[in-house]
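Working notes, beginning with the structure itself.
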Amino acid sequence: MILETLDLMHDKITRVVPEVMPAATVPILLLMCFLFLIWNYEETSSIPGPSFCMGIGPLISHGRFLWMGMGNACNYYNKLYGEFVRVWISGEETFIISKSSSVFHVMKHGKYISRFGSKLGLQCIGMHENGIIFNNNPALWKEIRPFFTKALSGPGLVSMIAICVESTKVHLDRLDDVTAGLENINVLNFMRQITLDTSNKLFLGIPLDENALVLKIQNYFDAWQALLLKPDIFFKISWLYKKYEKSAKDLKDAIEILIEQKRQRLSTAEKLKEPMDFASQLIFAQSRGDMTGDNVNQCVLEMMIAAPDTLSVTLFFMLVLIAEHPEVEEEMMKEIEAVIGDRDIQSSDMPNLKVVENFIYESMRYQPVVDLVMRKALQDDVIDGYLVKKGTNIILNIGRMHKLDFFPKPNEFSLKNFEKKVPSRYFQPFGFGPRSCVGKFIAMVMMKAILVTFLQRHRVQTTKGRGLNNIQKINDLSMHPKERQPLLEMFFMPRNTDKHQDD
Ligand code: HEM
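Sequential numbering from 30 applies to the sequence shown in my numbering.
What follows is the structure, given as structure tokens:
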């Protein structure tokens with residue numbers, strides 16, 4: 030009887046419930062479970078940062094990166110929450126770190142040798158699992174890096190000094206012919222041409238149209254910046270990314286043509302040049318079956334854009350700083366005259382140029398071209414007491430770190446900041462450890478050679494009202510496209526005359 034009564038009740042209930050409960054009950058229950066889960070999720074994170082707030086936090090933080098640009102967004106979060114912050118990019122946990130001990134830890138350890146970025150974006154510009162810079166497949170990256178290390182050290186590094194001296198002179202001569210040294214000069218473009226020419230001479234060795242290629246490199250870089258953090262949905266709408274795809278294709282095609290010419294030369298050469306240059310090494314690796322043709326093209330492309338994208342901007346900033354700090358210029362000129370005099374700079378001068386070296390370091394600290402380093406955790410770890418799960422994205426905000434600790438005048442441009450030896454953990458403009466800048470030594474040599482050769486012949490002056498204060502971020506890796514302001518023009522004046530802008 031009892032069972033029958035219960036059965037009857039059950040029957041009634043199942044018939045009544047659908048009438049009483051609205052159709053939306055099941056979705057509401059599911060939503061509540063979901064909210065309960067994400068509420069609990071939020072509770073578990075002890076790292077400072079914006080609240081998860083039912084998934085709105087990740088949307089806002091990714092939106093902020095897209096809207097403000099990476100550099101500004103990172104500084105915003107570090108300012109607001111401290112030097113170790115948790116945000117989200119594409120829904121993935123991302124730490125922004127500007128604390129020197131944590132930055133040092135990440136750079137030093139092999140568990141952080143990968144980077145992160147939108148897979149579709151990297152595919153679009155040819156960097157996904159190809160080349161070196163954003164190759165996020167550690168096994169492939171390990172095979173490629175030695176080609177770069179070899180080309181950027183040893184005999185290559187030594188011969189780069191004479192190549193830089195020669196190229197700077199040739200470009201200055203050409204400029205004097207056109208402008209008599211008194212016209213405004215687009216310095217960034219000028220430096221891009223010199224750095225492209227020097228890279229070509231050392232790594233590829235095929236005549237090229239500098240102006241056209243510099244433009245293609247700039248457009249490729251814009252595409253790289255624009256696509257690096259885009260959400261996948263962006264790539265569903267072809268008209269949104271078409272122009273970037275085209276920019277990438279333009280440069281890739283141009284480089285492919287140059288490599289093809291190189292192949293022809295190699296196949297018809299009676300004797301191969303020793304030591305073999307970077308492009309030849311890669312082409313032979315391809316013929317041995319060690320590398321794909323696509324990868325060879327991408328590696329050459331990245332080697333050709335590395336200096337025009339970083340070094341040229343750094344040199345440009347340095348010239349602006351020289352124009353703004355005549356006392357620093359005077360100190361450098363005294364050293365250059367004492368160490369080198371009128372002859373060309375050479376390898377043995379490098380260690381004796383202490384003031385010039387400190388000036389380069391201080392310029393990179395005060396006005397960095399690369400102020401962020403992107404990495405990914407390949408294993409679980411603990412950094413300064415914070416748990417870092419495998420797969421976490423990491424952004425090292427080195428630009429901010431260089432203005433936080435150690436330096437006596439952190440927010441001023443002053444050579445005093447490098448008077449005392451700076452412990453490496455406080456200053457890492459090229460990164461450090463297994464995934465550091467593979468060109469860091471050649472970059473220093475190139476900057477010294479180009480800068481000294483330039484200063485031996487010319488003085489600079491900024492156009493009126495266009496000091497560094499007016500430069501928005503030209504910082505290539507973290508620049509927001511809207512911020513590209515045309516503070517690029519300066520006056521070059523021959524050093525041996527007292528010609529002035531007002532003449
Ligand atoms: C002022 C000049 C330069 C600066 C400030 C600079 C800075 C950097 C930084 C911060 C990184 C990331 C390092 C990391 O993840 O820890 C990097 C990577 C890299 N740099 Fe440079 N760099 C400069 C010049 C050059 C030059 C001249 C070359 C080559 C000709 C070069 C080639 C590379 C390459 C290939 C990578 C990727 C390395 C890898 O992922 O394994 N860089 N650079």
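Glycine included, C-beta positions come from ideal geometry on N, C-alpha and C. Predicted model only: the values in this text are computed from it and were never measured.
Looking only at C-alpha atoms, which of the options sits nearest to residue i?
i: M430; options: E112, G100, C82, G86; result: E112
i: L425; options: F133, I374, G98; result: F133
i: D400; options: I76, F81, G100; result: G100
i: L258; options: F436, L95, P437; result: L95
i: T421; options: I126, E239, P458, K265; result: I126
i: Q375; options: R454, I479, V357; result: I479
i: M475; options: K148, Y110, S228; result: S228
i: G535; options: K265, A168, Q485; result: The chain is shown only over 30 to 532; residue 535 falls outside these bounds and no answer can be derived.
i: P87; options: K198, G98, K108, E122; result: E122
Please return the same chain residues whose Cβ sits closer than 8 Å to the Cβ of residue i, not counting the five positions on each side in sequence.
i: V368; result: D378, N381, L382
i: F470; result: L181, S182, L186
i: S188; result: L231
i: G210; result: With a pLDDT of only 49 at G210, under 50, the local geometry of the prediction cannot be trusted, and the value read off the model is given with reservation. L204, H487, F521, M522, P523, K528.
In angstroms, rounded to a whole number, what distance separates the CA positions of residue i and residue j?
i: H138; j: I412; result: 11 Å
i: P439; j: C103; result: 19 Å
i: E366; j: E359; result: 11 Å
i: S219; j: E331; result: The identity of residue 219 in the sequence shown is Phe, whereas the question assumes Ser. In a straight line, the C-alpha of F219 is about 20 Å away from that of E331.
i: N387; j: V402; result: 23 Å
i: K302; j: L444; result: 43 Å
i: S309; j: T224; result: 20 Å
i: R93; j: E441; result: 28 Å
i: K245; j: W253; result: 12 Å
i: I85; j: Y415; result: 24 Å
i: R394; j: M362; result: 21 Å
i: W268; j: H91; result: 22 Å
i: L433; j: T343; result: 21 Å
i: E239; j: C82; result: 51 Å
i: P458; j: F163; result: 18 Å
i: K477; j: I161; result: 26 Å
i: F435; j: R144; result: 28 Å
i: F124; j: I118; result: 10 Å
i: N499; j: V467; result: For N499, the predicted structure reports a pLDDT of 48, less than 50, and the residue's modelled location is therefore unreliable. A value from the coordinates is still provided. About 32 Å.
i: L237; j: D251; result: 22 Å
Got a sec? Which residues, its chain only, sit under 6 Å from residue i by beta carbon, not counting five neighbours each side?
i: A255; result: Y273
i: D373; result: V194
Between which two residues does the alpha helix (DSSP H) harbouring residue i extend?
i: E366; result: 355–368
i: M83; result: M83 -> no alpha helix (DSSP H), and no H or E assigned at all.
i: V132; result: 129–137
i: E285; result: 267–297
i: E391; result: 383–395
i: F219; result: 216–228
Quick check: residue i and residue j, are their CB atoms within less than 8 Å of each other?
i: Y141; j: A472; result: no
i: L350; j: Q408; result: no
i: V481; j: V385; result: yes
i: D323; j: N166; result: no
i: G78; j: R115; result: yes
i: K20; j: L233; result: Given that the chain is displayed from residue 30 to residue 532, the structure contains no residue 20 and the question cannot be resolved.
i: R524; j: R488; result: yes
i: V216; j: F345; result: yes
i: F456; j: M136; result: no
Quick one: residues in its chain with C-beta nearer than 7 Å to the C-beta of residue i, no 5 flanking neighbours on either side, listed in chain order?
i: L311; result: F176, M320, V325, C328, V329
i: C153; result: L256, Y270, Y273, E274, A277
i: P437; result: K445, N446
i: D226; result: S196, E239
List the endpoints of the continuous beta strand (DSSP E) containing residue i.
i: T321; result: Element bounds for T321: n/a, residue is neither H nor E.
i: L416; result: 415–417
i: V467; result: Looking at the DSSP string, V467 is not in any beta strand (DSSP E), and its letter there is neither H nor E.
i: M99; result: Careful: M99 lies outside any beta strand (DSSP E), inside the alpha helix (DSSP H) at 99–110.
i: V534; result: The structure shown does not extend to residue 534, since the chain is modelled only from 30 to 532, so the question has no answer here.
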